[in-house]
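The block underneath contains the structure these notes are about, expressed in structure tokens.
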Amino acid sequence: MKYFVYLIISKNKQKYLSYVGYTNNLNKRLANHNASKGAKFTRGRKWILAYSMTYDSKSKAMREEHKLKKKL
-17 MKYFVYLIIS KNKQKYLSYV GYTNNLNKRL ANHNASKGAK FTRGRKWILA YSMTYDSKSK
43 AMREEHKLKK KL
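Per our numbering, residue -17 is the first one in the sequence shown, and the count goes up by one each step.
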């Protein structure tokens, strides 16, 4: 099964907000974020996909998600 690490962004007034996550179904996850069914932080905002990378295992995706979160 493939896993994705993704970065989504949303404009809030005069600044941009970002969120990093991982999933095995990128399209469904983005749709959930935009339907306010994702993480609590993402609710009520319109999100666009800024970056995604595919990994062969969940553990690799989780490690990369953690690295990306630390950089932001």
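Glycine included, each C-beta is placed from N, C-alpha and C at the ideal position. Computed from a prediction, not measured in an experiment: that's the story for all the values here.
Considering only the beta carbon of each residue, do residue i and residue j sit closer than 8 angstroms?
i        : j     : result
Tyr(-15) : Tyr4  : yes
Leu(-11) : Tyr37 : no
Lys28    : Asn16 : yes
Does the beta-carbon of residue i have 16 or more other beta-carbons within 10 angstroms, so that it is buried, or is it exposed?
i     : result
His48 : exposed
Ala21 : exposed
Arg11 : buried
Grab the span of the beta strand (DSSP E) containing residue i for me, first residue to last.
i       : result
Met44   : From DSSP, Met44 is part of no beta strand (DSSP E) but of the alpha helix (DSSP H) over 40 to 53.
Thr5    : -3 to 5
Lys(-7) : -15 to -6
Ala32   : 30 to 37
Starting from residue i, trace the alpha helix (DSSP H) in both directions and tell me its first and last residue.
i     : result
Ala13 : 8 to 16
Taking just the CA atoms, how far does residue j sit from residue i?
i     : j        : result
Met44 : Asn14    : 20 angstroms
Phe23 : Ser(-8)  : 11 angstroms
Lys52 : Leu(-1)  : 15 angstroms
Leu8  : Val(-13) : 9 angstroms
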